[in-house]
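First residue of the sequence shown: 430, per the numbering used here; consecutive thereafter.
Only one structure is covered here, and it is reproduced in the block below.
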Amino acid sequence: MHPRKPYRTPPDSAALARSFPELKPYVSRKPNGPVSVDYQDDMALRCLARASLYRDFGLSVDLPKDRLRPTVCTCCSQSRPDAKVVK
Numbered sequence: 430m431h432p433r434k435p436y437r438t439p440p441d442s443a444a445l446a447r448s449f450p451e452l453k454p455y456v457s458r459k460p461n462g463p464v465s466v467d468y469q470d471d472m473a474l475r476c477l478a479r480a481s482l483y484r485d486f487g488l489s490v491d492l493p494k495d496r497l498r499p500t501v502c503t504c505c506s507q508s509r510p511d512a513k514v515v516k
């Protein structure tokens, strides 16, 4: 992955949950491991996407349950044609 990609490393789930309280119910500490979000839970991923969009881009969005849930990390990891032009 390109070194300038914003999501090349996993998010700090604990810090994100502190700044976005809606995410707290979906964050837990794995035994002998890091704090993490349950990536199998649709609502957890919706909250993670909302928290990431708010923290990183200042966007406050609504992700309705009856719509597809975008994966922010995947979207931002796609190659950008203008990446070499805009620095």
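For each residue, glycine too, the CB sits at the ideal point set by N, CA and C.
Asked: Do the CB positions of residue 483 and residue 472 come within less than 8 Å of each other?; Found: no
Asked: Identify which residue in 496, 497 and 478 has its Cα closest to the Cα of residue 449.; Found: 478
Asked: Return the CA-CA distance between residue 451 and residue 460, expressed in angstroms with no decimal places.; Found: 23 Å
Asked: Give me the Cα-Cα distance between residue 453 and residue 439, rounded to the nearest whole angstrom.; Found: 17 Å
Asked: By the three-class DSSP mapping on this structure, what secondary structure does residue 458 have?; Found: strand
Asked: Candidates 469, 433 and 481: which alpha carbon is nearest residue 447's?; Found: 481
Asked: Can you tell me where the alpha helix (DSSP H) holding residue 448 begins and where it ends?; Found: 442–448
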